[in-house]
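Taking it in order: structure first as structure tokens, then the write-up.
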Amino acid sequence: MESPAVTARAEAGPHAPAAAAEDPLFPPVTRQRALDTWLASLLNSVAAQIGDGPVDATQGQARADGLALPPAPSAASAARNIGSWDFAAWDFSRPVALEEVTRWVVHEMQRGIVQVSHPRYFGLFNPTPAHPSRCADMISAVFNAQLASATTSPFPVALERYLIQCFGARAGLPQAAGHFTNGGSEANGAALTCALTAALPDFARCGARGFAGQPVFYCSADAHLAWLKLAHQSGIGRAALHLVQTDGTGRMDADLLDAAIARDRLAGRVPVMIVSTAGSTGGGMIDPLHKNSAIARRHGVWHHVDAAWGGGALACDHHRHILDGIETADSITIDAHKWLATTMGCGMFITRHQQITAQAFHASMECMPSCDMAADPYVTSAQWSRRFIGLRLFMNLAAGGWAGYGRHIERALSQADWLAHALQEEGWSLINHSPLAVLCLRPPPQAPAPAAIARAVLRSGAAWISAGHFETIPVLRICITSGRTSAADLRMLVAALRTACG
Ligand SMILES: *Cc1c(COP(=O)(O)O)cnc(C)c1O
């Protein structure tokens, strides 16, 4: 069998060669150490090179070296071709040296993904992970702590609880409870479960059919539409989500919201939750938090603030005010793996109602070492076995302090400002007026449509941007996402846009 194509430019393997009879899964400690050292150095050089290559290596030119081109398909190999990848060499019939496996995987990662940690990735909030959070992942991996229960992992569980309280306090929710999640969608799902449980104490036992009428909840038409999936998963159905129109500036129209709730009540439906988006995915707009809170109170429904991306601004003293009103929420979603630049998979669900999380997620199993509704994550959140997620955020925050995050947030905001001015001078119009670091722009007259411009820029490899709509206007979307974006990167983006406009 041919060995898999390998080219990672680098780097002979570690100096301690594998002994013939060595167990590849649990090698001797000396060899493990040599491999770890080699891998750390390989990854450091690879990470340092990301900014020199194309942002979107999946766009064609990466195939040019022909390495992973599938062989002429036969019936047997066709099953092993997925996308542009031929896995025929990986039939696992014999072990392959870990160095070889590593080189192949790293090489394919270099060209098989959009490089979201590239300084000219101006995309969907996937950050260049800050260095301390990368270190956190190494620590988590070595100890492999099991965070289902506080009895087995008292330190990690305490640390996560402390961080939730810290962010709760920044948001203005004293004594906040909550938990870390894989991401914003999971945290939003926790909010929906809590809202349903708060609306109907018997929801835990009899589910959606316990309601006197169809339960419904509300978000803006510009909200993250993973809410539809969550409605589906929760069993109340996608029709339970009512989209409220925006007010022409990308924010939920609070008057329409109020009227929709009144109408649903009259029709016998049961409103359970208002979702305010604080930093919409497309345009970075913030729904009227105070107004929506007042409406929620008046109608006795849960108010959730989805600040998955925008919540990062809480970490910045000078820009905390962007999120004024968030302190009135019943619960909040913040993704540290967006603006707070942790490695992927670090969301937070924060709530002022600790009791509800215990009602919403309780379970008991004899084999578990404890069942403490105030402490054990497996009875206050959706996940069971899980890793030490919060360490990623802790290490970033501890190593940089609030001031470190403050500078990170302010740099993104001032870069967005600079870019808006630079492009307006070249005839672009700014369509959104977000307090966050995202621009929705209409190209100069005579320029191609935003989608064509985005495609041309992606093909050039110079930067990653996207096209979409703000309200109903087709726009180009540029979001400052990486903490490594420099002034030179912004100038290169402006140049790439000029070229794409012809
Ligand atoms: C990103 C985002 C989500 C989804 O979060 P994931 O971490 O991708 O699961 C939800 N809401 C908003 C406003 C977001 O920006």
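Here the sequence shown stands for residues 0 to 501, where the numbers follow numbering that gives the first Met the number 0.
Heads up, the beta-carbon is just placed ideally off N, CA and C, and yes, glycines get one too.
These numbers come from a predicted model, not from an experiment.
Scanning its chain for C-beta atoms nearer than 7 Å, with the 5 sequence neighbours on each side dropped, one finds around Ile-49 the residues Gln-114, Ser-116, His-117, in chain order.
In the DSSP assignment, Trp-401 falls within the unbroken alpha helix (DSSP H) covering 390-424.
Comparing alpha carbon positions, the residue from His-302, Ile-477, His-468, Gln-445 closest to Val-456 is Ile-477. Going by beta carbons, Trp-301 and Met-272 fall inside the 7 Å limit. Ranking Gln-445, Thr-248, Gly-249, Arg-268 by CA distance to the CA of His-241 puts Arg-268 first.
Contact between Thr-379 and Thr-356 holds: CB atoms are separated by about 5 Å, below the 8 Å threshold. Set against 6 Å, the gap from the CB of Asp-334 to the closest heavy atom of ligand 1 is smaller.
By alpha-carbon distance to Met-343, the top candidate from Asn-431, Gly-234, Thr-127 is Thr-127. Counting only residues of its own chain and dropping the five nearest sequence neighbours on each side, Ala-207 has a CB closer than 7 Å to the CB of Pro-214, Gly-234, Ile-235. According to the DSSP assignment, Tyr-161 belongs to no beta strand (DSSP E) but to the alpha helix (DSSP H) extending over 153-170.
Closest in C-alpha terms to Ser-275, from the list Ile-325, His-320, Arg-297, comes Ile-325.
For Arg-441, the enclosing beta strand (DSSP E) begins and ends at 437-441.
In this structure, the CA atom of Gln-145 is about 10 Å from the CA atom of Pro-376. Take the alpha-carbon of Arg-30 and the one of Val-141: they are about 16 Å apart. Beta-carbon to beta-carbon, Ala-306 and Gly-405 are separated by about 17 Å, too far to satisfy the 8 Å threshold.
Sequence-distant partners of His-231 (beyond 5 residues in either direction) whose C-beta falls short of 7 Å from its own C-beta, in its chain, are Arg-237. Counting along the chain, Thr-276 sits inside the beta strand (DSSP E) bounded by residues 269-276. Gly-311 places its beta carbon less than 7 Å from that of Leu-339. Under the criterion of beta carbons closer than 8 Å, Gly-249 and Phe-469 qualify as touching, at roughly 6 Å.
Taking non-hydrogen atoms of ligand 1 into account, the C-beta of His-223 is found less than 6 Å away from one of them. Rounded to the nearest whole angstrom, the CA to CA distance from Leu-392 to Cys-345 is 8 Å. Ile-333 is the residue among Ile-333, Arg-319, Leu-265 whose C-alpha sits nearest the C-alpha of Thr-280. Non-local beta-carbon contacts of Val-243 in its own chain, meaning distances under 8 Å to residues more than five positions away in sequence, involve Tyr-217, Cys-218, Ser-219, Ala-220, Met-251, Asp-252, Leu-255, Leu-256, Ala-259 in chain order. Beta-bridge pairing by DSSP links Asp-85 to Asn-80. Within the same chain, and ignoring the five residues on either side of Ala-335 in sequence, the residues whose Cβ sits closer than 6 Å to its Cβ are Thr-341, Cys-345, Leu-392. With a contact defined as Cβ atoms closer than 8 Å, Phe-121 and Trp-463 qualify at about 6 Å. Contact between Phe-387 and Pro-94 fails: their C-beta atoms lie close to 30 Å from each other, not under 8 Å. Closest by C-alpha distance to Ala-436, out of Ala-446, Ala-415, Pro-442, Ala-203, is Ala-415. In this chain, the beta strand (DSSP E) harbouring Gly-177 covers 176-180. The bridge partners DSSP lists for Ile-325 come to none.
Note: Arg-476 is bridge-paired with Cys-439, Ser-465 in the DSSP secondary-structure output. Excluding five sequence positions before and after Gly-212, the CB atoms of its chain that fall closer than 6 Å to its own CB belong to Gly-267, Arg-268, Val-269, given in chain order.
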